[in-house]
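Scroll down for the structure; my scribbles are underneath it.
Numbering (my numbering), first residue to last: 29 to 314.
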């Protein structure tokens, strides 16, 4: 299989998740000439503006703004294909928006899996990526991404489910984004040293270590150090969401290396032989 046929598809919940969780991954594989794709479940309708210098567009719709920000970031990261799943942002855990009838958290799992499986058959990814069973910090939309993507991984390749004009397509590997426990410790230290705003995993009411993954359970450490500045520039596209004291905005590059040199994943499924520990999501495919 030649590298120009290999395709990565990440399934994220909101604009900016693609950069925070997999920005270095996108930049690296785009630089290697692979096809990179993104499915975003929502347009971030419940997002708050964290940078007071950012104004809403004339229609007053934050979703319009956040889609513009996402397209800016996608260009910087080299994402070639962008699709939306068509659901509404559910808001943070416990928010009234969780109950909105159009919210992703309220979606019928089978219907959402069919929507995503159709996109998988269109895009034809070899590697599929989404959140772990914790949804990083138990955000309802992240949890739904986990459930929907896991179901769609099999459905897309099922010949018993016909879709006119689209042949079945079976992704070869499925990964879940992991937050290493060592990252939590590094973030806590750097936040204290630099006066940073702690990420959401620190604000759930539970110790962040409970939601993070022990380092020895992580199967794949992807070195993205050469792409850290690209990741930072992509995140700066999401101006409405990124406070001035966000780590990717405020830290010097040397400290960024400590925090973001690796993007970590758990290999959930592989239909090809792969080593127990990997340094490449496409191990076994090239």
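Backbone N, C-alpha and C define an ideal beta-carbon position, used for all residues, glycine too.
Shorter than 7 Å from the beta carbon of residue 254 to some beta carbon of chain C?
Any reference to chain C falls outside this structure, which holds one protein chain only.
What is the rounded straight-line gap between the Cα of residue 131 and the Cα of residue 75?
13 Å
Is the beta carbon of residue 295 less than 7 Å from the beta carbon of residue 241?
no
What's the C-alpha gap between residue 59 and residue 285?
19 Å
Identify every residue that forms a DSSP beta bridge with residue 138.
Per DSSP, none; premise fails for residue 138.
When the Cα atoms are used, what is the spatial distance from residue 288 to residue 149?
32 Å
Kindly list the residues whose CB is nearer than 7 Å to the CB of residue 214, restricted to its own chain and excluding five residues on each side of it in sequence; keep chain order.
286, 287
Would you check if there are 3 or more beta carbon pairs closer than 8 Å linking the region 134-150 to the region 81-100?
no
As an exercise, report each continuous alpha helix (DSSP H) stretch of at least 4 residues that is fully enclosed by the region 233-291, in chain order.
236-239, 256-265, 275-278, 281-288
Enumerate in chain order the residues of its own chain whose CB-to-CB distance from residue 209 is below 8 Å, with the five nearest sequence positions on each side excluded.
237, 240, 241, 242, 243
Just list the residues that DSSP pairs residue 38 with in beta bridges.
66, 157
Strand pairing of residue 143, partner residues [DSSP]:
Bridge partners of residue 143: none, in fact.
Per DSSP, residue 294 forms a beta bridge with which residues?
204
With respect to the beta strand (DSSP E) encompassing residue 112, which residues constitute its N-terminal and C-terminal limits?
109-112
Could you check where the alpha helix (DSSP H) with residue 183 kicks off and where it finishes?
168-183
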